[in-house]
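These protein sequence lines map, in sequence, to chains F and S. Residues 109 to 281 in the numbering used here are what the first sequence spells out, letter by letter. Residues 2 to 234 in the numbering used here are what the second sequence spells out, letter by letter. Built from N, CA and C at the ideal position, the CB exists for glycine as well. Computed from a predicted model, the values in this text were never measured in an experiment. So the structure is just underneath, and the comments pick up after that.
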Amino acid sequence: MRIATAAQTIGPFWHLIDDTGLADLTRFGAMGEVITLIGTITDGNGDPVTDACVEIWQASPPVSDRFPGYGRSGTDASGTFRLTTLKPGPVPGHGNTQQAPHIAINILARGIITRLYTRAYFEGEALNTTDPLLGMIAEPSRRATLLARPEGSTVWRLDIRLQGDSETVFIDI
Amino acid sequence: MSDIIGFRPAAPGSQPSNDTPSYGSTRSRHPLRPAIAFPHSLTEAAGPVFSPLHFPPNADLSVTGGKAAQGERIIVRGRITDEDGRAVPHTMIEIWQANAAGRYRHPLDTHDAPLDPHFKGDGRVFTDAEGWYQFTSIKPGAYPWRNHANAWRPNHIHYSLFGPGFATRLITQMYFPGDPLLALDPIFHSVPDEAARERLISRFDLAVTRPDHALGYRFDVVLRGRDATPMGI
Numbered sequence: 109m110r111i112a113t114a115a116q117t118i119g120p121f122w123h124l125i126d127d128t129g130l131a132d133l134t135r136f137g138a139m140g141e142v143i144t145l146i147g148t149i150t151d152g153n154g155d156p157v158t159d160a161c162v163e164i165w166q167a168s169p170p171v172s173d174r175f176p177g178y179g180r181s182g183t184d185a186s187g188t189f190r191l192t193t194l195k196p197g198p199v200p201g202h203g204n205t206q207q208a209p210h211i212a213i214n215i216l217a218r219g220i221i222t223r224l225y226t227r228a229y230f231e232g233e234a235l236n237t238t239d240p241l242l243g244m245i246a247e248p249s250r251r252a253t254l255l256a257r258p259e260g261s262t263v264w265r266l267d268i269r270l271q272g273d274s275e276t277v278f279i280d281i
Numbered sequence: 002m003s004d005i006i007g008f009r010p011a012a013p014g015s016q017p018s019n020d021t022p023s024y025g026s027t028r029s030r031h032p033l034r035p036a037i038a039f040p041h042s043l044t045e046a047a048g049p050v051f052s053p054l055h056f057p058p059n060a061d062l063s064v065t066g067g068k069a070a071q072g073e074r075i076i077v078r079g080r081i082t083d084e085d086g087r088a089v090p091h092t093m094i095e096i097w098q099a100n101a102a103g104r105y106r107h108p109l110d111t112h113d114a115p116l117d118p119h120f121k122g123d124g125r126v127f128t129d130a131e132g133w134y135q136f137t138s139i140k141p142g143a144y145p146w147r148n149h150a151n152a153w154r155p156n157h158i159h160y161s162l163f164g165p166g167f168a169t170r171l172i173t174q175m176y177f178p179g180d181p182l183l184a185l186d187p188i189f190h191s192v193p194d195e196a197a198r199e200r201l202i203s204r205f206d207l208a209v210t211r212p213d214h215a216l217g218y219r220f221d222v223v224l225r226g227r228d229a230t231p232m233g234i
């Protein structure tokens, strides 16, 4: 059996492959509830992470010619990323379980050698109470790090803290 | 949906730790608490699909605007497989690199080596039905960074790969054989297992080398393989 190739950092110059169009998952004409997912990434010193690559992936709504399911945004001078997408629905879980609506997130940056993986859930979703992943996180304050909060009717904010107090819950992938 | 098949966990020592103090930028950017274990669901087992129609390939970084870039022209060829040796077909690979002088075309790169008007440094290729890819470029130069006293990154080309699932996403770097800077590089040495590090080094390949045109290097990448059994609980 072969062994998977090791990861290495994306480094500070990954913007050479950036394409701002990737930050809009509705650019091919996908229909649905359009939302903006924004957030600010801070490090263990509380400083903004201004050179990160934030990737999202969602299995819901299903990928089609019009909905790629994948998006990418750099963080700006304030450490903020911004993605336009469709609000996901529930996703089948293992067995007969259902997962609450969520968006998968990779954080890649200088100083991050192998991607950090987490998820954005939506505050107030009824299915959050029975979601298998949220159910594994006992402390409410830790669970809250995965809950995006509404800012107005279409914007959802999920700030991400890489290290320290109120550190985001990351998921082993 | 109880029969999602996830991907195998990393072999011990084969992947780097984000807690690597010798690489200074990790110190305030690595989580202190362990990641929580969660079996791959549809979200992690499925992944994006990219079409060359939306993402046009650019397999020649050595020419920009019809003019040849400065430097030693190279051809890089390799095969993308999973851990079971199965080809990963029609998957997108993004590449980016410094120019021959060791300078990125990027506003944050302040190294005083010259930019090359005929070298941009980004490319995109797709594997064929058997998992093979190839691109032409110029050999990137080494460049200084401020990680420690007299620190220089070894020559490298950045790779971004996707594979069949979000769990197979891989960002890595390809290095060159015989580079004396590898022994000193904390990013390369963030991978604990020596054999796993060695697999990040391409090898010179006369069969890829094109007479009177460019030296050839071979660089294969292995993406995670599927678990043998469904993750159903």
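- V162(F) has a beta carbon lying at 8 Å or more from every beta carbon in chain S.
- Identification of chain F residues near S26(S) by a Cβ-Cβ cut-off of 9 Å yields T117, P120, A217, R218, G219, I220, ordered along the chain.
- Assigned with DSSP and collapsed to three states, P198(F) falls in coil, not helix or strand.
- Taken in chain order, the complete beta strand (DSSP E) segments of 3 or more residues contained in the stretch 140-169 of chain F are 142-150, 161-165.
- The beta carbon of F230(F) sits no closer than 8 Å to any beta carbon of chain S.
- D280(F) and A38(S) have their C-alpha atoms spaced approximately 5 Å apart.
- Residue pairing by DSSP places L224(F) opposite I215(F) in a beta bridge.
- Per DSSP, the beta-bridge partners of D280(F) are A38(S).
- Looking at the backbone, the Cα of V50(S) and that of H210(F) are separated by about 19 Å.
- Not a single C-beta of chain F is nearer than 8 Å to the C-beta of F136(S).
- For N156(S), no CB of chain F lies under 8 Å from its own CB, so it is not counted at the interface with that chain.
- The beta carbons of N214(F) and S29(S) sit about 19 Å from each other, so the pair does not count as a contact at 8 Å.
- Residue range 152-154 is occupied by the beta strand (DSSP E) that includes A152(S).
- According to the DSSP assignment, L43(S) belongs to the alpha helix (DSSP H) that extends over 43-46.
- Secondary structure note for A197(S): its alpha helix (DSSP H) is the uninterrupted segment 195-199.
- Spanning the alpha carbons of E84(S) and R227(S) requires a straight line of approximately 8 Å.
- F177(S) is the residue among F177(S), L171(S), D221(S) whose C-alpha sits nearest the C-alpha of P141(S).
- The three-state secondary structure of T111(S), taken from DSSP, is coil.
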